[in-house]
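Single-structure report; data block below.
2 protein chains.
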Amino acid sequence: MTKILVVDDEEDILDFLSYNLKKEGFDVATATNGLDALAIAQKTQPDLIILDIMMPELDGIEVCRRLRAEPQFKQTVITFLTARDEDFTQIKALDVGGDDYITKPIKPQLLVSRVKALLRRNKIEKDEKDDIIAVSDLKIDRQRVQVLRGEEIIDLPKKEFELLLLLVSRPGKVFTREEIYHKIWGNDVIVGDRTIDVHIRKLREKIGSDQIKTLKGIGYKFDL
Amino acid sequence: MTKILVVDDEEDILDFLSYNLKKEGFDVATATNGLDALAIAQKTQPDLIILDIMMPELDGIEVCRRLRAEPQFKQTVITFLTARDEDFTQIKALDVGGDDYITKPIKPQLLVSRVKALLRRNKIEKDEKDDIIAVSDLKIDRQRVQVLRGEEIIDLPKKEFELLLLLVSRPGKVFTREEIYHKIWGNDVIVGDRTIDVHIRKLREKIGSDQIKTLKGIGYKFDL
DNA sequence: ATTAAACTTTACAATTTCTTAACGCGCAAA
DNA sequence: TTTGCGCGTTAAGAAATTGTAAAGTTTAAT
């Protein structure tokens, strides 16, 4: 169930938002000021927070800044509510880590579609993270064409990346030279004997040599 | 009703995919070879096409290329299916205009969520044209066709704006040149080799060159 | 119609990536 | 021990790809 926290100091707006979101099946919590908002966010861990900017005590911008300062709210979607045409505020809102802003007056239909869009976008980002191949201490990101070892980003040139991807696609399997040629260069391209070795060497240099093993006279394999 | 066309020459895989997608409420059509696929796609006008790459006669890559050549399939989501140890074809898949890439063996859960994610993404691109995208220090305002860095307004010409928007739509993802052509110029327009570079160059000149990275032989990506 | 802006092409420079080639090492068979 | 084979290593330069400036072309606006 998707949890949404709505924060606004005006009761009627709060009710209006809350009603429309609940009607769509969301689990809605509310707060009427900035401090409450922080406390309730801590307690309920919402997926999305709708923050009015103009509030007494702690304004929405400040609430957002404080939330973003804590790691557990890094992924939370935060969207602001603001009166129409306050360009300057909008910019500021995004500066403190807001994902979107909605201008008042709010049409229910727009609100709901905007909220859904934001949640979708967030979910997609999560889905895309699943597309990363993880082997031993390496994470291979095909979409980004890069390899991660811990926090370290390792950029590989095309051929090296393809080679690594091939070896890693079946950890432990031995790939013969023929097989590697066939799959990476294709049947028609002819390259010299040492070409693969050189690429293997560079890979070892960059990702560590323990993982890629040579089986003399047979081929190479990636071990975990 | 969302229509999906599944194409694979192995009957059991076809059944497996078809079963799992139908269970989720999709309207599924099938084809067992490339030529059939083209014919059925014409007839049923599916929203999404799942294409096995390895097929006799006409392989998935070629089917995709031909589909993309026709305007009515420009918006259709196309995703490839491939065995794990053929991962290296990924770049090729993107080149011919594929939207995603699913590797066998396929887990039903993953398949379904991936398919839904793709459809969502497609839908978002259609009906989410009115919000501001914030990435790193940039705010990109679609309706005003302008970019903000802090308080500074950066006006971009149309092509440059489209290019930036494309790269930023999925930060970190690598877009191949072919993909950029497809999405910005369309399949029928032919422009010279250096055209993209020039636009990239101008973008870098205006928004700073650190963000847009070149991956030689692959494409460009927007990082951070 | 004139001008300016946007877009594309051209020609070449710069850069990165890939491949080659020469040599060394180790191991196993002769 | 010697020989031969296969692989590792290195550096150089080939090949491929991209960057850049400037000139041409199209498009839009006044």
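So the protein sequences, as listed, match chains A and B. Just so we're on the same page, the numbering used here is the position in the first sequence counted from 1, plus 3. Just so we're on the same page, the numbering used here is the position in the second sequence counted from 1, plus 3. The beta-carbon is built from N, C-alpha and C at its ideal position, and this holds for glycine as well.
Original post:
When DSSP builds the beta bridges, which residues end up paired with A:L84?
Top reply: Looking at the DSSP assignment, A:L84 forms a beta bridge with A:D55 and A:I105.
Subject >> Same chain, Cβ closer than 6 Å to B:A40, neighbours up to 5 away in sequence not counted >> reply: V10, A34 and V66
Subject >> Extent of the continuous beta strand (DSSP E) to which A:Q149 belongs >> reply: Q149 to R152
Original post:
Looking only at its own chain, which residues have a Cβ that is under 8 Å from the Cβ of A:L206, when we skip the five neighbours before and after it?
Top reply: L159, E163, L166, L167 and I215
Original post:
Is the shortest distance between the beta-carbon of B:K224 and the beta-carbons of chain A less than 8 Å?
Top reply: yes
**OP:** Check whether the Cβ atoms of B:H202 and B:G100 lie closer than 8 Å to each other.
**Re:** no
Original post:
So which residues on chain B does A:I146 lean against when the C-beta distance must stay under 8 Å?
Top reply: With the sequence shown as reference, residue 146 of chain A is identified as Gln, and Ile is not the correct amino acid for it. Within 8 Å Cβ-Cβ: R173, G175, K176 and V177.
Original post:
Which chain A residues sit within Cβ distance under 9 Å of B:K219?
Top reply: P160 and K161
Original post:
What are the residues that DSSP puts in a beta bridge with B:F225?
Top reply: Beta-bridge pairing links B:F225 to B:I215.
Original post:
Three or more C-beta pairs closer than 8 Å, one from the segment 112-129 of chain A and one from the segment 42-62 of chain A: is that the case here?
Top reply: yes
**OP:** Assuming A:I210 contacts A:R147 (C-beta within less than 8 Å), just tell me the rounded distance between them.
**Re:** In fact, because the Cβ distance is near 16 Å, the residues do not count as touching under 8 Å.
Subject >> Three-state secondary structure (DSSP) of B:V66 >> reply: helix
Original post:
From A:I143 to A:A32, what does the alpha carbon distance come to, in whole angstroms?
Top reply: 39 Å
**OP:** Please look up how many angstroms separate the CB atoms of B:T106 and B:T82, rounded, as I've assumed it's under 8 Å.
**Re:** Between B:T82 and B:T106 the Cβ distance is about 11 Å, and since that is not below 8 Å, they are no contact.
Subject >> Coil, strand or helix - B:L61 by DSSP >> reply: coil
Subject >> When B:K6, B:R68 and B:D18 are compared against B:I43, the one with the closest alpha-carbon >> reply: Per the C-alpha coordinates, the member of B:K6, B:R68 and B:D18 positioned closest to B:I43 is B:K6.
Subject >> Assigned exposure category for B:I64 - 16 Cβ within 10 Å defines buried >> reply: buried
Original post:
For B:I199, which option in B:G222, B:D140, B:S212 and B:N190 has the closest C-alpha, if you only look at C-alpha atoms?
Top reply: That would be B:G222, whose Cα lies nearest to the Cα of B:I199.
Original post:
Who are the near neighbours of A:R71 in its chain, counting only those whose CB is closer than 8 Å to its CB and skipping five residues on each side?
Top reply: So the list reads K77, I81, V99 and G100, once near-sequence residues are dropped.
Original post:
DSSP three-state call for B:F29: helix, strand or coil?
Top reply: Here B:F29 carries a coil assignment [DSSP, helix/strand/coil].
**OP:** Please classify B:Y104: is it buried, with 16 or more other beta-carbons within 10 angstroms of its beta-carbon, or exposed?
**Re:** buried
**OP:** Going by DSSP, name the residue or residues bridged to A:T179.
**Re:** A:G222
Original post:
Counting along the chain, where does the alpha helix (DSSP H) carrying A:I199 start and finish?
Top reply: R197 to I210
**OP:** Measure how close the beta-carbons of A:N23 and A:L114 come, nearest whole angstrom, since I'm counting them as under 8 Å.
**Re:** 6 Å
Original post:
From this set, A:L8, A:F29 and A:D15, which residue's C-alpha is nearest A:T47's C-alpha?
Top reply: A:L8
Original post:
When the Cα atoms are used, what is the spatial distance from A:D18 to A:D12?
Top reply: 11 Å
**OP:** Report the rounded CA-to-CA distance for A:D140 versus B:M4, giving the unit in angstroms.
**Re:** Cα to Cα, A:D140 sits roughly 43 Å from B:M4.
**OP:** Using DSSP bridges, identify the partner residues of A:V9.
**Re:** A:T33 and A:I53
**OP:** Starting from B:V171, trace the alpha helix (DSSP H) both ways and give me its first and last residue.
**Re:** K161 to S172
Subject >> Beta-carbon spacing of B:G175, B:D226 below 8 Å >> reply: In contact: B:G175 and B:D226 (Cβ atoms closer than 8 Å).
Original post:
How many Å lie between A:L61 and A:R68 at the Cα?
Top reply: 11 Å
**OP:** Out of A:R204, A:E181, A:T79 and A:L218, state which residue places its alpha-carbon closest to the alpha-carbon of A:K288.
**Re:** The requested residue 288 of chain A is not part of the displayed model; chain A covers only 4 to 227.
**OP:** Assign A:S172 to one of two classes, buried (16 or more other C-beta atoms within 10 Å of its C-beta) or exposed (fewer than that).
**Re:** buried
Subject >> Through-space distance from B:A96 to A:K110, alpha-carbon basis >> reply: 42 Å
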